Structures are given as C-alpha cells and as structure tokens.
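Protein chains in written order, with this note's numbering: chain A, 318 to 653; chain B, 443 to 745.
Backbone N, C-alpha and C fix where the C-beta goes; we use that ideal spot for every residue, glycine too.
Values in this document were obtained by computation on a predicted structure and should not be read as measured data.
Reviewing the structure listed below.
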Amino acid sequence: MKGARIQRWTPASLSFTSGFGLLIVALAFVPVVMGASIVQDLTTLLILVLMAVMWNALAGYGGLVSVGQQAYIGLGAYATLWCALQGINPYWGMVIATAFCAVVSVPLSFIVLRFRGAQFAIGTWVVAEAIGIYISFDNQLGAGTGTSLSQLDRYAPSTREHITYWLTLGLTAFFVLLVFVLLRSRLGASLQAIRDDEEAAASVGVRVLAGKRILFILAAAGCGAAGAMTIANILFIQPTSIFSVNYSAFMIFMVLVGGLGTFEGPIIGAIILYFIQQQFGNDGTWYLIGLGATAIIFALLFPRGIWGMLEERTGLRFMPVGYRVKRTTTDAEATA
Amino acid sequence: MTWVNDVVQGILLGGYYGIIACGLALMFGVMRIINLAHGDIAVLGAFLMYLLLQHWSVSPFIALLPVLPTMILFGYVLQRLILQRSLRAGILTPLLATFGLSIVIQNALEQGFGPDVQSLGAQAGSIVTAAWQINSQLSISALGGLILGTAVVIYAALQLYLSRTTSGRQMRAAAEDPDTAELVGINSRAVYARATAIAIGIATLGGLALALRSTFQSYSGPDQLIFAFEAVVIGGLGSSLWGALLGGIVLGVAQTIGAQINPEWSILSGHIVFLLVLISPRGGLLTLRSRRGARSALSGAGA
Chain A
318 MKGARIQRWT PASLSFTSGF GLLIVALAFV PVVMGASIVQ DLTTLLILVL MAVMWNALAG
378 YGGLVSVGQQ AYIGLGAYAT LWCALQGINP YWGMVIATAF CAVVSVPLSF IVLRFRGAQF
438 AIGTWVVAEA IGIYISFDNQ LGAGTGTSLS QLDRYAPSTR EHITYWLTLG LTAFFVLLVF
498 VLLRSRLGAS LQAIRDDEEA AASVGVRVLA GKRILFILAA AGCGAAGAMT IANILFIQPT
558 SIFSVNYSAF MIFMVLVGGL GTFEGPIIGA IILYFIQQQF GNDGTWYLIG LGATAIIFAL
618 LFPRGIWGML EERTGLRFMP VGYRVKRTTT DAEATA
Chain B
443 MTWVNDVVQG ILLGGYYGII ACGLALMFGV MRIINLAHGD IAVLGAFLMY LLLQHWSVSP
503 FIALLPVLPT MILFGYVLQR LILQRSLRAG ILTPLLATFG LSIVIQNALE QGFGPDVQSL
563 GAQAGSIVTA AWQINSQLSI SALGGLILGT AVVIYAALQL YLSRTTSGRQ MRAAAEDPDT
623 AELVGINSRA VYARATAIAI GIATLGGLAL ALRSTFQSYS GPDQLIFAFE AVVIGGLGSS
683 LWGALLGGIV LGVAQTIGAQ INPEWSILSG HIVFLLVLIS PRGGLLTLRS RRGARSALSG
743 AGA
C-alpha cells in the first residue's frame, strides 16, 4: 500500500511489553517480601490468569468454545497425584502432568475437532465427564471421595507455598508468552483468519485443522498446568470438584468480561473474577447467579469485553499481537 | 433373558432421552444453535410442578396443565429477549449466553429449593408402580411405556406440524434459508420464537418424565443436556427429526447394558457409545441420508 506503513510496535506497547517482563520479575520477589496469605492469594490469581488465557486462545483465536477444559484441569491434578504416588517429586510431577495433558489431547483432538461450534462445546464436555467418571473408579487415586497430595507434607508450609508460587508464576508466564509468540507468528495470522471465517481461510490455503489442533493441544497443556497448580495450592482434590463444569463457567466469565479475542482481556477478566471471588465467593448461589447473569449481559451487549471497548476507544494496545496500518501521507495524496 | 430385559428397559429409558432430545434437536434444526440451558429448563419445569404440588394435592399430570403454558411463554420470551439478540452476534454468542443462563437457572433453583433431591413419583399414584409382568425376568413398567408412547406421539405430532401446517412449513423454510424465507414474506423472528416455545414446551414434558421416573435436584440440568445432546448426535445430528428418538433409544440401551456389567458403568458406557459413534467414519446413525439430502434437520419431515 502506497503512503502507508505497517506498524507492530508503538512506543506505548513497547514500554508495556517491557513493563510486563519487569512485572514478572517483580512478582518473583513477592514471597521474599510479602506474607504467606498474599503469596497464596497470588497463586490463586495466577492460576485464574492461566485458565483465562488458555480459554481465550481456544475461543478468541480458534473460534473453539470449549465447555470441557476441566478435563485437563482434572487430568493435570490427578497426573500430579499419580506421579507423587510413584515416588516422583511432586513438583517434577506437576511439569510431567502438564506434558501428559498435551500428549493426551492429541488423540482427543481427533475426536472433538470433528465438531464445530456448539457441538464442539458439548463434545468436549462429554469427554471431560467421561474422564471424570473413569477417574472416580480408581481406588488408588482416592476414588469418588478424593484424596490429598500428602507428599507435599515433607516441605515446611512456607517453603511449600513459595515453591508452588514460583512454579505457578513460571508456568503462567511461560504459557502467556507462548500464546504471545504464537499469535505473532505466521500461525497467529492464520488462526485469526480461521476464527473470522473458516471457509474463506481454507480457500486461501490456511490449514484450518492443523491450526485448531495446535491451539487445542496448547490449551490442554495450559489447563493441565493450571490443574497441577490447583492441587499444589489447595492440596486436596475430588473428582466431582476438579472435573466440575464450573471451571468452564469461570473461564467463560473471565474471557467475556475481559475481552474475547484480545490478548490483555483475559488477564483483566481474571483479576476481576479474583476480586469478585474474594468479595462474594462465600455467598454461594447468589455469587454464581451474578456470574452467569454478567456473562449473559456481556455476551449480548458488550461482546468485546472491557478491554475490547477500551482498545476501540483509545487505540491502546499493550501487547502487540496484530498489525496496524499507519498512514504516512495525507488522504488527498494517498488517493491521488 | 436378563439381556432381553436390559434391552427392553433401555428402550423405555430411551423414550425419556428422546423427549429431552427433541427440543434440543428442534432448536438446532431451526436456528442452528444448541441451547446449553436446555437441561436446566427441563428441570425448572419439574420444579414448577413440584412447587404447585406443595400447595395442591393433585396428580403431577394436573400440575402440568398450568406449568406447560407458563414454560411455553417462557420459551417465547427467552427467544425474544436473549436468543434473537445473540443470533445476530455470530455463532459463539448463543453458546455463551445460554451457558450463562444455565448457570443462572441452576443456582436460582438451588437458592429457591435447596440442594435436596426431589421426585414427583409418589404423588402420581398407581401408574408409577404398575407393570406388565411378562415373565419372571421381564416386565414393562406402565410409566416407562407411557413415556415412550408420549415420545412417539411428540415426534409424530411435530412431524405432522412441520409437514402439514403453514406454520410448520414456514419453520422449515426459515430453517433452510432464513434470508430467502424473509424474501417470500416469512418473519423468521416470529418463526424462531415459535420454535423455541415448542422446544421449551417439549422440554417441560421431559422434565415431568424425569420427575416421575427418577429424581431431580437443582444441579440435574447439565446431565440432562448431555444425554439429550448425545441422543441427538448418535441419531445423526441434523439428518432427521426421528434420529434423535432413535439416538435416545441407543443411548438408553447402552446405559442399561453398561449398568448390567457394572452398576457404576451406566453413564460412562453411554458416553463411550457416543464417542464411538463420533469416531466412526459415518459419525452418526443416520448421517448418510443427510449427505444426500439437504442440510436441515427438518427437511426429512416434509418428505
């Protein structure tokens, strides 16, 4: 295009991306200076961020609305438990569990990616239900009544919380950066083309299924990591709660409120959900009614979410995953 | 002989799944959306009947009389307020909005009625206990027969409606191609609202069937949605209306045979059959027909 140039980085996004890096470094020092309750709260928040970013990668960039990501949250938690029972260090077990979820998702992707739209949503849900029921048969893993990760007891509580926090921070940063790099690559452009119009994308040579599969495996690994971190954070799991569809409700809420298909939105959504949980989490049903109603309102009236609206109004973009066209000449010259 | 009994009981159970799947299939056929709150709406209907029976000592079938029109109206309003708006916004929005609705309904029921397990079977009288004893191992319960019979009547009535009435033909036209339907003067919004109202009405009948043959509680909805969806997919999603009933029967038989092998395996074996159907090359019992024919689930109804 004559008289225009393609811009990825703006001064604002450059400073915010480096600010993001600094934030991660600063967060790493939190356990050194802050108390135990803050460390545990931040661990919870980071897990929410990871879940939201993963769900957004699927739905916001791949157009794949999953109601079954709890399959990998549960598998990640139970794989960690299984590793611990085999005598593997539980923290190594969490990394292994993350990789395990990625591996398991490959064959599963061949089943559920046959589906589109709503069918994909319930298809993934059925898979999650089936895995949850199957695990509840396993006596070694505590069957239906659940079990605790007692192998972590050998660490002093503060040491345990610190290691859990750092591992959560490391995994969350890793997956957030992975999504960032992925979206900025050639694949990112094709993924957004798939989301916008699958058939048109296929017609210009985008490998639709391959792109979706990569996102599906990525999200499985990320949610597996979130599940492994969850068991490290709360130490006790039960099939019905760790495979609960409520995780999907939380992920949908965070991404919808923050901004579906924006990079920054899910992170903001996670922070909002975190504060709502702190404030109203004990109110049980009313809290969930509020979450559901807010999700409906955002889906219908504010589909771009908080970040999407902010981006639209101000043109701000902190983490540049797209391209922007900037005119270097006046309109009159450009049309001449 | 126990196997014969399992199959028979599975077919009867399949009648219930057929009813619960019917509304889901209708909405998918007409609007191409899957209502993730479908199961919760059926359970809502069951709770409304439960509420009436708390104050009236009548049969649940009488309680259905005021609840059914209320739920049909609810379906109409649901379409006008939420679904129509979400339809305009693309394919993801209806999913997200109905999932939000599902969370709201479940927790509102939990708030209003508490976590207790309920059943309307006790108030329904002899129909629940009556059975046709064929021999020592095989008996057909009157209620199971009634539910399966109701399912067949619902599917037949819906087929007649879609093929013989103007309103039904308009629905098929709007399902096939809403833009072209608009060109010939069909108000697709009104058609969609009618379809949703019918679907919610059928879901309410499903809620009654659930409440009579088994138990329900505030969080029972998602399971019913999953069973309904499995029935629709096993029957060959979008290929024929009757496919959903057939899929429901296959699911019911899979569950009763699974339970025979090991009581814990009942639900899981249903899920496994569903996944096996998915990975089979045909991907659904009746999908071959759909490949030859038109894209709509309802197109077969006119033939």
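Asked: Considering just the uninterrupted stretch of the alpha helix (DSSP H) at glutamine 357 of chain A, what are its terminal residues?; Found: 353 to 373
Asked: Please report the residue range of the beta strand (DSSP E) in which serine 581 of chain B lies.; Found: 581 to 583
Asked: Can you pull the chain B neighbours of arginine 503 of chain A, defined as C-beta to C-beta under 9 Å?; Found: In chain order: nothing, as chain B lies at least about 24 Å away.
Asked: Within this structure, are the beta carbons of serine 453 of chain A and proline 556 of chain A separated by less than 9 Å?; Found: yes
Asked: List, in chain order, every chain B residue whose beta-carbon is nearer than 7 Å to that of glutamate 446 of chain A.; Found: Ile668 and His713
Asked: So who's on the other strand from threonine 464 of chain A, going by DSSP bridges?; Found: A:Ile554
Asked: Give the C-beta separation of glutamine 553 of chain B and threonine 602 of chain A to the nearest angstrom, bearing in mind that I take them to be a contact with Cβ-Cβ under 8 Å.; Found: 4 Å
Asked: Are three or more beta carbon pairs between the segment 614 to 622 of chain B and the segment 652 to 663 of chain B nearer than 8 Å?; Found: no
Asked: Based on the DSSP secondary-structure assignment, which residues constitute the bridge partners of tryptophan 409 of chain A?; Found: The partner list for tryptophan 409 of chain A (beta bridge, DSSP) is empty, contrary to what the question assumes.
Asked: Taking tyrosine 451 of chain A as the query, report the chain B residues whose CB atoms sit under 8 Å from its CB, ordered along the chain.; Found: Leu710
Asked: Given a threshold of 16 other Cβ atoms within 10 Å of its Cβ, counted over all protein chains shown, does arginine 655 of chain B qualify as buried or as exposed?; Found: buried
Asked: Return no unless some Cβ of chain B is closer than 9 Å to the Cβ of arginine 431 of chain A.; Found: yes
Asked: How many angstroms separate the CA atom of valine 595 of chain B from the CA atom of leucine 710 of chain B?; Found: 29 Å
Asked: Using a Cβ-Cβ cut-off of 8 Å (strictly less than) and excluding sequence neighbours within five positions of phenylalanine 615 of chain A, which residues of its own chain qualify?; Found: Leu573, Val574 and Gly622
Asked: Could you give the residue range of the alpha helix (DSSP H) that holds tryptophan 483 of chain A?; Found: 474 to 501
Asked: Which value, in whole angstroms, describes the spacing of the CA atoms of phenylalanine 491 of chain A and leucine 525 of chain B?; Found: 38 Å
Asked: Under 9 Å between C-beta atoms, does isoleucine 462 of chain B make it to chain A?; Found: no
Asked: Compare the C-alpha of leucine 381 of chain A against each of B:Ile514, B:Ile476, B:Leu534 and B:Ala637 and name the closest.; Found: B:Leu534
Asked: Excluding five sequence neighbours on each side, which residues of the same chain lie with their C-beta closer than 8 Å to the C-beta of glutamine 442 of chain B?; Found: Look at the range of chain B in this structure, 443 to 745, and you will see that residue 442 of chain B is not part of it.
Asked: Nearer than 8 Å: is that true of the beta carbon of proline 620 of chain A relative to any heavy atom of the ligand FMN?; Found: Among the components modelled here there is no ligand, and therefore nothing to report on the ligand FMN.
Asked: Taking the alpha carbon of arginine 512 of chain A as the reference point, which residue from A:Leu532, A:Phe497 and A:Gly391 has its own alpha carbon closest?; Found: A:Leu532
Asked: With a threshold of 16 other CB atoms inside 10 Å of the CB of tryptophan 399 of chain A, please say whether the residue is buried or exposed.; Found: buried
Asked: Could you work out which residues of chain A lie near leucine 650 of chain B, taking near to mean beta carbons separated by less than 8 Å?; Found: The premise fails here: leucine 650 of chain B is roughly 24 Å from chain A at the closest Cβ pair, so nothing lies under 8 Å.
Asked: Under 8 Å Cβ to Cβ from valine 675 of chain B, same chain only, skipping five residues before and after it: list those, please.; Found: Gly689, Phe716, Val719, Leu720 and Gly726
Asked: Counting only Cβ pairs nearer than 9 Å, list the residues of chain A close to isoleucine 721 of chain B.; Found: Phe427, Ile428 and Arg431
Asked: Per DSSP, what kind of secondary structure is tryptophan 498 of chain B in: helix, strand or coil?; Found: coil
Asked: Report the partner residues of alanine 573 of chain B according to the DSSP bridge assignment.; Found: B:Ser583
Asked: Using the Cβ count rule (16 or more neighbours within 10 Å means buried), how would you classify leucine 600 of chain B?; Found: buried
Asked: Taking the C-alpha atoms as reference points, what is the distance between isoleucine 588 of chain A and glutamate 672 of chain B?; Found: 36 Å
Asked: From which residue to which residue does the alpha helix (DSSP H) around glutamine 595 of chain A run?; Found: 582 to 597
Asked: Decide yes or no for the touch test of the segment 429 to 442 of chain A against the segment 494 to 502 of chain A: beta carbon pairs closer than 8 Å, at least 3 of them.; Found: no
Asked: Looking at chain A, is there any beta carbon in it that lies within less than 9 Å of the beta carbon of serine 528 of chain B?; Found: yes
Asked: For asparagine 477 of chain B, count the other beta carbons within 10 Å of its own beta carbon; 16 or more makes it buried, fewer makes it exposed. Which is it?; Found: buried
Asked: Where valine 349 of chain A and histidine 479 of chain A are concerned, what is the direct C-alpha to C-alpha distance, given to the nearest angstrom?; Found: 9 Å
Asked: Which ranges would you report for the alpha helix (DSSP H) in the segment 444 to 492 of chain B if only whole runs of at least 4 residues count?; Found: 444 to 473
Asked: Thinking just about the alpha-carbon of each residue, which of B:Leu454, B:Arg522 and B:Ser501 is nearest to the one in alanine 639 of chain B?; Found: B:Arg522
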